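Asker: There's a structure below that I have some questions on.
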Amino acid sequence: MSELKMKINSGIDLWKKAKQLIPGGNQLLSKRTEMFLPDAWPSYYEKAKGVEVWDLDGNKYYDMSIMGIGSCVLGYANDAVDKAVKKAIDRGSMSTLNCYEEVELAQKLIELHPWGEMVRFARTGGEANAIAIRIARAYSKKDKIAFCGYHGWHDWYLSSNLADESSLDEQLLPGLKSVGVPRNLKNTSLPFNYGKFDELSQIFQDNPGQIGVIIMEVEKSKKIDVEFLKAVRQLADQNGAVLIFDEISSGFRINIGGMHLIYGIIPDIVVLGKALGNGFPISAVVGKSDVMQAAQNTFISSTYWTERIGFVAALETIKQFQESKVIEHIVAMGEYIREGLRNIFSNISHLILSNELVISISYYIPDFFIHSIPSN
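For the sequence shown, the working numbering begins at 5 and goes up steadily by one.
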């Protein structure tokens, strides 16, 4: 326990101050101290490099989680990506004119996704999903959405809890309130669970001719269900619904591009982000031209979607994926860690849950251990 006390640092005091100045303390729920160990979590970093992170007091940690919420597959402060970004900054990150790297990245993403024909860009995953939803609704001319998984914080998504406060319990987490979301969006976003085709089919039966969009993650906590995805694709075709694969978390993880490419199940739109820029903000909406052209019939526009840094970071990140055997290394390390955990926990009551993307451990913690952890 003495070692644990040594790790308690000034980040705790700064977090308390942050909660007085910033609603919730920060900008991302997944990084809030209360999600981890409130009385000991360092909360803030001074430096991050590779898999190493230093807190405000110089304590060094090895990041064994998901590397910046899944954004840094190449490691923190990757030399090649950072060098390209610094060069871009020196040449000017913004102008009244467009940066040419935008076109280069669009071309590269289409090369990686041969079924895709057009691309729109944003800087975060949530807004990219909102763009995809807007385009899909514009194309289908239908308001209602069937969804599975986590797709951001925007009104279209959170409105699911207007009809049933528990709608997002299994999709994201319990207790999310829909306060601030217009009540006339009630019953426009309808959830179904991964692998439960009967639930999705029932949504279409209950809303005949009204579902214009299906948006889902290709894989969630369980292993990918290829037959389920094929059935979803067929149902979308039969009903004239736009199929969107949200690959913000799964893209550039076990292959170069969207995970759907491995299994040959083609959506109408795929949304990419997180690992695409290795720590620099960039997201992309890749789609078939007839669907994507619907963006011209609505208004989707933002100044900072045109800045240069995100495009340059993504281009260099993709280059590193293609030239440095990144995927092979990631897969090998994942299997190494998984087997190591199995050996470590072999004599402890536990459950290791894993798929291609996530490893999680569920285990029993005796009361005596919990009570022995100091609170200050």
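By construction, the Cβ of each residue, glycine as well, lies at the ideal position given by its N, Cα and C atoms. Predicted, not measured: the structure shown is a model, and the values here were computed from it.
Under the three-state reduction of DSSP, which class applies to Y65: helix, strand or coil?
Answerer: Counting from 1 along the sequence shown, the entry for residue 65 is found at position 61. Strand.
Asker: On the criterion of 16 or more Cβ atoms from any shown chain inside 10 Å, does T100 qualify as buried, or is it exposed?
Answerer: Counted from its first residue, the sequence shown places residue 100 at position 96. Its Cβ having fewer than 16 others within 10 Å, T100 is exposed.
Asker: According to DSSP, simplified to helix, strand and coil, what is Y48?
Answerer: Counted from its first residue, the sequence shown places residue 48 at position 44. DSSP places Y48 in coil when its eight states are reduced to three.
Asker: How many angstroms separate the CA atom of V246 from the CA atom of G179?
Answerer: Taking the first residue of the sequence shown as position 1, residue 246 is located at position 242. Taking the first residue of the sequence shown as position 1, residue 179 is located at position 175. Distance between the alpha carbons of V246 and G179 is about 30 angstroms.
Asker: Of the residues C152, S163 and Q206, which one's Cα is nearest the Cα of E174?
Answerer: In the sequence shown, counting from the first residue as 1, residue 174 sits at position 170. For the residues C152, S163 and Q206, the minimum Cα distance to E174 belongs to C152.
Asker: Within the same chain, show all residues whose beta-carbon is closer than 7 angstroms to that of N197, passing over the 5 residues directly before and after it, in chain order.
Answerer: On the sequence shown, residue 197 is found 193 positions in, with the first residue counted as 1. If we look at N197 and ignore the five residues flanking it on each side, its Cβ neighbours are C152, E174 and E203.
Asker: Which of the three DSSP states, helix, strand or coil, is assigned to D294?
Answerer: Here the question's residue 294 lines up with position 290 in the sequence shown. It is helical.
Asker: Quick check on DSSP: helix, strand or coil for M71?
Answerer: Taking the sequence shown and counting its residues from 1, the one referred to as residue 71 is at position 67. It is helical.
Asker: As an exercise, report each continuous alpha helix (DSSP H) stretch of at least 4 residues that is fully enclosed by the region 175-238, in chain order.
Answerer: Counting whole runs of 4 or more residues, the region 175-238 contains the alpha helix (DSSP H) stretches 201-210.
Asker: Please classify F325: does DSSP put it in a helix, a strand, or coil?
Answerer: Taking the sequence shown and counting its residues from 1, the one referred to as residue 325 is at position 321. Note: F325 maps to helix in three-state DSSP.
Asker: Buried or exposed for Y383, please, with buried defined as at least 16 other CB atoms from any protein chain shown within 10 angstroms of its CB.
Answerer: Because the chain in this structure spans residues 5 to 380, residue 383 falls outside the shown range and cannot be described.
Asker: Should V230 go down as buried or exposed, given a rule of 16 or more other Cβ atoms within 10 Å for buried?
Answerer: On the sequence shown, residue 230 is found 226 positions in, with the first residue counted as 1. Counting Cβ neighbours within 10 Å, V230 comes out exposed, since fewer than 16 surround it.
Asker: Just to confirm the assignment, what range does the beta strand (DSSP E) spanning L247 have?
Answerer: Within the sequence shown, the letter at position 243 stands for residue 247. V246 to D250 is the span of the beta strand (DSSP E), which, as asked, contains L247.
Asker: Where does K112 land, buried or exposed, given buried means 16+ other C-beta within 10 angstroms?
Answerer: Residue numbering aside, residue 112 sits at position 108 when the sequence shown is read from its first letter. Burial call: buried.
Asker: Rounded to the nearest angstrom, how far is the Cβ of G314 from that of G281, given a contact under 8 angstroms?
Answerer: In the sequence shown, counting from the first residue as 1, residue 314 sits at position 310. In the sequence shown, counting from the first residue as 1, residue 281 sits at position 277. Going by Cβ atoms, the distance from G314 to G281 rounds to 6 angstroms, so yes, they are a contact pair.
Asker: Going by DSSP in three states, V57 sits in which element: helix, strand or coil?
Answerer: The residue labelled residue 57 in the question sits at position 53 within the sequence shown. In this structure, V57 counts as strand in the three-state DSSP scheme.
Asker: Checking the sheet assignment: what are the DSSP bridge partners for A150?
Answerer: Counting from 1 along the sequence shown, the entry for residue 150 is found at position 146. Partner(s): L194 and I218.
Asker: Assuming F201 and A235 form a contact by the criterion Cβ under 8 angstroms, report the distance between their Cβ atoms to the nearest whole angstrom.
Answerer: For the purposes of this step, residue 201 is taken as the residue at position 197 of the sequence shown. For the purposes of this step, residue 235 is taken as the residue at position 231 of the sequence shown. Contact holds; Cβ gap of about 5 angstroms.
Asker: Check this for me: beta carbons of K148 and G216, under 8 angstroms apart or not?
Answerer: If you number the sequence shown from 1, residue 148 lands on position 144. If you number the sequence shown from 1, residue 216 lands on position 212. It is a contact, given that the beta carbons lie within the stated cut-off.
Asker: What are the boundary residues of the alpha helix (DSSP H) that L116 is part of?
Answerer: Taking the first residue of the sequence shown as position 1, residue 116 is located at position 112. Unbroken alpha helix (DSSP H) run through L116: E105 to L116.
Asker: Report the partner residues of L276 according to the DSSP bridge assignment.
Answerer: Along the sequence shown, one-based indexing puts residue 276 at 272. BP columns for L276 point to A288.
Asker: Does the beta-carbon distance from G54 to G79 come in below 8 angstroms?
Answerer: If you number the sequence shown from 1, residue 54 lands on position 50. If you number the sequence shown from 1, residue 79 lands on position 75. Yes; because the gap between Cβ atoms is below 8 angstroms, this pair is in contact.
Asker: Using only CA atoms, which one of G15, Q24 and K21 lies nearest to D43?
Answerer: The sequence position of residue 43 within the sequence shown is 39, counting from 1. For the residues G15, Q24 and K21, the minimum Cα distance to D43 belongs to G15.
Asker: Report the CB separation of H117 from V274 in whole angstroms; it is logged as a contact under 8 angstroms.
Answerer: As a working mapping, residue 117 is identified with position 113 in the sequence shown. As a working mapping, residue 274 is identified with position 270 in the sequence shown. Going by Cβ atoms, the distance from H117 to V274 rounds to 7 angstroms, so yes, they are a contact pair.
Asker: Is it buried or exposed for I73, if we count other Cβ within 10 angstroms and need 16 for buried?
Answerer: In the sequence shown, the residue the question calls residue 73 occupies position 69. Answer is exposed; the Cβ neighbour count stays below 16.
Asker: Could you say which of A299, V77 and T307 lies nearest to A140 if we only look at CA atoms?
Answerer: For the purposes of this step, residue 140 is identified with residue 136 of the sequence shown, where counting begins at 1. Comparing Cα positions, the closest option is A299.
Asker: Are S253 and K278 close, meaning C-beta to C-beta below 8 angstroms?
Answerer: On the sequence shown, residue 253 is found 249 positions in, with the first residue counted as 1. On the sequence shown, residue 278 is found 274 positions in, with the first residue counted as 1. For S253 and K278, yes; Cβs fall inside 8 angstroms.
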